[in-house]
Structures are given as structure tokens and as C-alpha cells.
Amino acid sequence: MVDLLGRAGRLEEAKDFASNLPFKPKASIWRPLLAACRSHRNLKMAEFVAERIMKLEPGDPTVHITLSNMYAESGRWGDVEKIRKLLKLSELKKEPGCSWIEVGNAMHRFYSRDMKHTEMPKVYGKLNDLVKQIKDIGYATDTSLVLHQGVGVSKEEQVLYHSENLAVCFGLLNLPTGKPIRVFKNLRVCQDSHTAMKFIPEISKRDIVLRDNYRCRYALIIYKVEFILRMSQMIRQLELAFQQLLMATASIWLCGGR
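Note that the sequence shown covers residues 1 to 258 in UniProt numbering.
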């Protein structure tokens, strides 16, 4: 519920919901709200939520990094430097993002902009083709959360080549047609990948399921939903046409009876 309210931008409601639970909320309940605070750029609430997470799990570096990024976005470089010094003194290091998928009774792992897997040329080719197709139906790359452009790498590439996108494309290439794609990630799925996965099922005609450490499993079956909606509209149109036909038939019958 906290995650859903946060994604909808209803941050105050999400905070109140977590604060008024009949038990003490764990860090896993506060983390989705912290991510929502960054997505909706609410720094004040992010500080409130981060404080609670750090009290519960002081060894989690991702909270410090999220706050540091938000401070950087707001131009508060003094606070950014404080967090960097704190991380250095405490020797906290962020775990690199990794996604994995099971294919052929083997586990395949991917990292951001990975080149180690033997099928990476095919995977990147598949991803680039998918991006072109989903852009035609409304997808737009979200680079707003990329603060630093890597050397020789565009902001768009930094976002598109996240590990979860690579793992999904590997699954599309290697799993039988019609079989769901199930990908797991050790960190939270980024906002851009979450958006992209809403469009990819419509192109690939596959169920795509992502799971990370901070969010319950969710299935992205948008193409099925849209198909049902289109069928409902068609049925409604047929009903209207049938009603018009009945009315026309009744009118002709009444005129003939006279």
C-alpha cells in the first residue's frame, strides 16, 4: 500500500499509513516511500523517511546515496560532501546492481552495461530493437535521475543498459515463445526500467515479472489488459449496432403493419 500510494504521488497518505500501522514499520516498508520521494522530488519528506530507515538499518548505504543524489539535484553540495565523508568513514559501500534469470536450468547474471556474458551482442541488439519499437507506442527514456554522465557513455545508455533490461532481453531471446519472463534484482528496479516494462509486453506478447528486494512481485501484462479493453469496446459497439438493427426492424415491421 505504501508503494502504491507513493507511486501515485500521495506521499503524505503513504507516510500516515506507515506511521499508523498497528506494529512498528520495518525498513522494507519505508524504502518504497523513500524511492517515491525521489521520484516526486520531495526532499523534506525524504529526510524524514531516511532518518527512520537509518535507525532501523544503519548499515544500509543505499539510503545515504539516495539522499546524496537528492541533495545534488537541489544544489546542496555541502550536504553531498557530508554524506560522502560519512560513507568513507563508516566504510559503507553500495552493492552493485545485479539481475538474474533462469534459462535452461542455469542461472544467468547481468550487471549494468555488462559485456561478460557470451550472448551480450545479441542481447544489446534485442534491447536496441525493443527500445525503437516501444518509443513508437509512447515510451520516452527518463534520464532525469542520472546526475553524472559517464565518459563515452550517454545518459540514455546509462539508463537503458541497466541489468534488469539486459536480463529481460536475454529471456526473450532464449525462452520458448509464450513462456513468462521472470527476472530478479538485488536492488530496487529503477523508474525508467519500470516504465519500459509497461511497453515491452505489448511488443513481445509476453508476461514479464520483476522482483526486487524492496517490492512485491508484480506481473506486467499490459498487452492482455489492452486486448480485453479492445474486446470490450468491440462488444459494446456490436451491442449498439444490434440495438439499432432491432429498432430499424421494428420500425419497418410497424410501417408494414399499417
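A virtual CB, placed ideally from N, CA and C, is assigned to each residue, including glycine.
Contacts around residue i, its chain only, beta-carbon distance under 7 Å, and the 5 residues preceding and following it disregarded
{"i": "L4", "result": "none"}
{"i": "K122", "result": "L173"}
{"i": "A18", "result": "V2, P25, I29, W30, L33"}
{"i": "Q133", "result": "I203"}
{"i": "R109", "result": "C98, W100"}
{"i": "V225", "result": "In this prediction, V225 has a pLDDT of 49, which is less than 50 and means its spatial position is unreliable; what the coordinates show is noted afterwards. Cβ neighbours of V225 beyond the five flanking positions: none."}
{"i": "I137", "result": "F199, E202"}
{"i": "K126", "result": "C169, L172, L173"}
{"i": "M107", "result": "W100"}
Endpoints, the alpha helix (DSSP H) within which residue i is located
{"i": "V168", "result": "163 to 174"}
{"i": "V159", "result": "155 to 160"}
{"i": "C190", "result": "C190 -> no alpha helix (DSSP H), and no H or E assigned at all."}
{"i": "I53", "result": "43 to 56"}
{"i": "K205", "result": "First-last for K205: undefined, no H or E at that position."}
{"i": "residue 324", "result": "As displayed, the chain neither begins before 1 nor continues past 258, which places residue 324 out of reach and without an answer."}
{"i": "G6", "result": "2 to 7"}
{"i": "D16", "result": "11 to 19"}
Span of the beta strand (DSSP E), counted from its first residue to its last, around residue i
{"i": "S39", "result": "No beta strand (DSSP E) holds S39; the alpha helix (DSSP H) holding it covers 27 to 39."}
{"i": "R211", "result": "208 to 212"}
Neighbourhood of residue i by C-beta distance below 8 Å, restricted to the same chain and skipping five residues each side
{"i": "R38", "result": "A46, T66, N69, M70, L145"}
{"i": "G11", "result": "Note that residue 11 is Leu in the sequence shown here, rather than Gly. Once the five neighbours on either side are set aside, the close Cβ partners of L11 are L5, L33, A36, C37, H40, N42, M45."}
{"i": "G104", "result": "N174"}
Same chain only: Cβ atoms within 6 Å of residue i, ignoring 5 sequence neighbours per side
{"i": "L92", "result": "P61"}
{"i": "R206", "result": "I181"}
{"i": "H64", "result": "I83, L87"}
{"i": "H40", "result": "G9"}
{"i": "F184", "result": "W100, R211"}
{"i": "A14", "result": "V2, L5, G6, L33"}
{"i": "E73", "result": "none"}
{"i": "V189", "result": "E164, L210, D212"}
Buried or exposed by the 16-neighbour rule on C-beta atoms within 10 Å, applied to residue i
{"i": "E163", "result": "At residue 163 the sequence reads Ser, which differs from the Glu that was named. Counting Cβ neighbours within 10 Å, S163 comes out buried, since at least 16 surround it."}
{"i": "I208", "result": "buried"}
{"i": "N42", "result": "buried"}
{"i": "Q244", "result": "exposed"}
{"i": "L246", "result": "exposed"}
{"i": "N128", "result": "exposed"}
{"i": "Q158", "result": "buried"}
{"i": "A248", "result": "exposed"}
{"i": "A140", "result": "exposed"}
{"i": "L238", "result": "exposed"}
{"i": "S193", "result": "buried"}
{"i": "L89", "result": "exposed"}
{"i": "M197", "result": "buried"}
{"i": "A50", "result": "buried"}
Best match in the options for proximity to residue i [C-alpha to C-alpha]
{"i": "M115", "options": "S204, Y161, P96", "result": "Y161"}
{"i": "H117", "options": "R52, W77, A167", "result": "A167"}
{"i": "T195", "options": "T177, D16, K135", "result": "K135"}
{"i": "A27", "options": "I53, V49, S251", "result": "I53"}
Residue-chain proximity (residue i, chain C), Cβ-Cβ < 8 Å
{"i": "R38", "result": "Here there is only one protein chain, and chain C is not present."}
Ordered list of beta strand (DSSP E) runs contained in the segment 73 to 117, each at least 3 residues
98 to 103, 106 to 111, all fully within the segment 73 to 117.
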